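Chains Y and H, in that order, are what the protein sequence lines are.
Numbering follows the working numbering, in which position 159 of the first sequence is assigned residue number 159; successive positions increment by one, without gaps.
Numbering follows the working numbering, in which position 129 of the second sequence is assigned residue number 129; successive positions increment by one, without gaps.
Single-structure report; data block below.
2 protein chains.
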Amino acid sequence: MSVHLLQTATSVLLKDPTASLGDVARAAGVGRTTLHKRFPTRTALVRALASDALDLIDSVACHVDFDGDDALEDLMTRLVALGPRVEFLLRFPGLDRDEELAARIRAMDRPVLDLITRLQGTKLRRDLPAWWILNTLYAGLFNAWEAISDGRLAPLDAPRFVLSTVFEGVSDVRAADRT
Amino acid sequence: MSVHLLQTATSVLLKDPTASLGDVARAAGVGRTTLHKRFPTRTALVRALASDALDLIDSVACHVDFDGDDALEDLMTRLVALGPRVEFLLRFPGLDRDEELAARIRAMDRPVLDLITRLQGTKLRRDLPAWWILNTLYAGLFNAWEAISDGRLAPLDAPRFVLSTVFEGVSDVRAADRT
DNA sequence: TGCCATGCGAACATCCGTGTACCGTTGTGA
DNA sequence: TCACAACGGTACACGGATGTTCGCATGGCA
Numbered sequence: 001m002s003v004h005l006l007q008t009a010t011s012v013l014l015k016d017p018t019a020s021l022g023d024v025a026r027a028a029g030v031g032r033t034t035l036h037k038r039f040p041t042r043t044a045l046v047r048a049l050a051s052d053a054l055d056l057i058d059s060v061a062c063h064v065d066f067d068g069d070d071a072l073e074d075l076m077t078r079l080v081a082l083g084p085r086v087e088f089l090l091r092f093p094g095l096d097r098d099e100e101l102a103a104r105i106r107a108m109d110r111p112v113l114d115l116i117t118r119l120q121g122t123k124l125r126r127d128l129p130a131w132w133i134l135n136t137l138y139a140g141l142f143n144a145w146e147a148i149s150d151g152r153l154a155p156l157d158a159p160r161f162v163l164s165t166v167f168e169g170v171s172d173v174r175a176a177d178r179t
Numbered sequence: 001m002s003v004h005l006l007q008t009a010t011s012v013l014l015k016d017p018t019a020s021l022g023d024v025a026r027a028a029g030v031g032r033t034t035l036h037k038r039f040p041t042r043t044a045l046v047r048a049l050a051s052d053a054l055d056l057i058d059s060v061a062c063h064v065d066f067d068g069d070d071a072l073e074d075l076m077t078r079l080v081a082l083g084p085r086v087e088f089l090l091r092f093p094g095l096d097r098d099e100e101l102a103a104r105i106r107a108m109d110r111p112v113l114d115l116i117t118r119l120q121g122t123k124l125r126r127d128l129p130a131w132w133i134l135n136t137l138y139a140g141l142f143n144a145w146e147a148i149s150d151g152r153l154a155p156l157d158a159p160r161f162v163l164s165t166v167f168e169g170v171s172d173v174r175a176a177d178r179t
């Protein structure tokens with residue numbers, strides 16, 4: 001049930017970062033006082049949400065074999081499934097002003113960047129910087145999460161959409177060859 | 001100079017949507033009173049910024065030949081150049097709660113969606129919904145804008161990066177063929 | 001039954017952002 | 001030189017969000 005609180009708070013604050021704590025508490029079906037008891041201040045709540053998101057990512061990343069050839073696909077598929085709890089981490093404004101959080105995020109990105117760099121020897125384009133490819137992957141995740149929350153995309157379709165679009169692009173293959 | 005005010009306000013509010021009007025005024029090198037004189041209320045300022053962004057897009061879209069085969073490339077190239085002023089429009093939280101703005105945004109998307117649907121007969125993949133392709137294009141724009149504002153991407157390189165990535169994907173072509 | 005923990009609501013003091021009014025300064029043109 | 005407009009700064013009133021405290025209700029447990 002504490003999980004439900006984190007989920008609700010995340011989605012409310014994502015939809016409107018200026019939402020009051022009263023709004024968050026009401027949406028979670030919890031008293032404002034109780035919310036204060038668990039998270040003494042607003043920034044504490046935000047930090048907790050971000051930290052929770054990082055924990056989620058860690059719990060997923062540790063199951064990925066970063067040495068395998070399908071590591072990227074595996075990682076992306078698992079990340080898509082996490083949804084808004086993680087979207088919060090990368091979209092919430094001013095989160096990187098907390099140095100500790102920013103450091104954890106950088107530490108989280110590094111193995112993925114290394115993986116991308118390694119795969120640029122085989123299946124990934126070498127004419128693009130690794131950080132650009134990483135950001136493109138994230139952008140695909142955002143896309144999927146947004147479409148899911150809008151009800152336009154079925155969660156089970158999401159990984160295929162993201163991977164296919166990011167890796168192969170939106171061009172029809174026959175036309176792309178001629179470009 | 002009014003343009004400078006709009007630009008500054010846009011970037012400040014994009015970086016932190018909860019920034020106070022005092023912050024905005026200070027960043028723009030203008031008195032808070034003067035800001036109030038020009039925009040009586042906070043929502044008036046936000047609406048003005050969004051409206052300005054829409055005007056910018058209109059001023060760009062009217063130069064694009066939507067019947068040409070390179071319409072998408074042309075449009076994207078021009079949009080990349082607009083930068084944060086337009087990013088604001090699509091990223092600022094809760095902007096779609098204003099029905100008039102939301103309507104203008106939908107009206108802005110429609111010709112592009114039609115264009116995509118038409119191009120799915122020739123150069124674009126037919127196994128993806130048009131709205132997904134549209135969102136993918138937007139995601140590419142976000143990516144470029146963010147990278148530019150971080151100083152990692154040269155503005156002149158941006159259009160090529162975006163178009164190449166979105167259309168062809170990040171896979172090395174030789175590997176992609178086998179997939 | 002009595003005890004304790006947990007959660008909720010009400011009330012309160014406080015702070016911060018907002019909107020407004022007033023005044024001083026500057027610069028421009030008659 | 002004077003009048004006037006534009007701008008910035010100060011001061012104040014107001015409202016909403018925030019953080020804290022207290023009291024009450026509920027529910028498990030001895």
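We put the CB at the ideal spot given by N, CA and C, even for glycine.
Please read these numbers as outputs of a predicted model, since none were measured by experiment.
- Cβ proximity to chain Y below 7 Å picks out F161, T165, V166, F167, E168, G169, V170, S171, D172, A175, A176 from the segment 153 to 176 of chain H.
- Between L6/Y and D65/Y, the C-beta gap is not smaller than 8 Å, which leaves the two residues out of contact.
- Against chain Y, the CB of A28/H has no partner CB under 8 Å away; the residue lies outside that interface.
- Remark: C-beta atoms of P159/H and V46/H do not approach each other more closely than 8 Å.
- Listed along the chain, the chain H residues whose CB falls inside 9 Å of the CB of W145/Y amount to none; the nearest CB is some 11 Å away.
- Going by DSSP, P111/H is part of the alpha helix (DSSP H) stretching over 99 to 119.
- Closer than 8 Å to the CB of I133/Y there is at least one CB belonging to chain H.
- Among the residues facing chain Y, G94/H is included, as its CB has a counterpart in that chain under 8 Å away.
- In this chain, the alpha helix (DSSP H) harbouring L54/H covers 42 to 61.
- V60/H and A19/Y have their alpha carbons spaced roughly 35 Å apart.
- Around the beta carbon of A154/Y, a 10 Å sphere encloses fewer than 16 other beta carbons of the protein chains shown; the residue is thus reported as exposed.
- Under a 10 Å Cβ-count criterion, T33/H is classified as exposed, with fewer than 16 other Cβ atoms of the shown protein chains found around its own Cβ.
- With respect to the 8 Å criterion, G169/Y and E146/H are not classified as neighbours on the basis of their beta carbons.
- With distances taken between CA atoms, I133/H lies nearest to D114/H out of T43/H, G151/H, D114/H.
- Between the segment 90 to 99 of chain H and the segment 12 to 28 of chain Y, the count of C-beta pairs closer than 8 Å reaches three or more; the two stretches touch.
- Counting along the chain, F142/H sits inside the alpha helix (DSSP H) bounded by residues 130 to 149.
- Classified as buried, T10/Y has 16 or more neighbouring CB atoms from the shown chains inside 10 Å of its CB.
- Taking 8 Å as the cut-off, the beta carbon of R125/H is found closer than this to the beta carbon of D172/Y.
- From the beta-carbon of T77/H, no residue of chain Y is found nearer than 8 Å; the closest lies around 15 Å away.
- In terms of CA proximity to V112/Y, D74/Y leads the group L82/Y, D74/Y, P84/Y.
- Distance from L89/H to L35/H at the Cβ level is roughly 20 Å; contact not present, criterion being Cβ atoms closer than 8 Å.
- Using a Cβ-Cβ cut-off of 8 Å, A103/H does not count as an interface residue toward chain Y, since no Cβ of chain Y sits closer than that to its own.
- Proximity to A28/H across T8/H, F39/H, P40/H peaks at T8/H, based on C-alpha coordinates.
- In the three-state scheme derived from DSSP, where H, G and I count as helix and E and B as strand, S171/H is classed as strand.
- Restricting attention to L49/Y, L21/Y, K37/Y, the CA atom closest to the CA of V86/Y is found in L49/Y.
- In this model, L163/H and T136/H are separated by some 11 Å (Cα to Cα).
- In this structure, R42/Y lies near L21/Y, with their beta-carbon atoms less than 8 Å apart.
- Counting every other CB atom within 10 Å of its CB across the protein chains shown gives T122/H a total below 16, marking it as exposed.
- Leaving aside the five residues that flank H4/Y on each side, the residues in its chain whose CB is nearer than 8 Å to its CB run, in chain order, A28.
- The closest CA to that of R106/H, considering only D70/H, L141/H, L128/H, D58/H, is found on D58/H.
- Ranked by Cα distance from D150/H, the options L119/H, G83/H, V166/H are led by G83/H.
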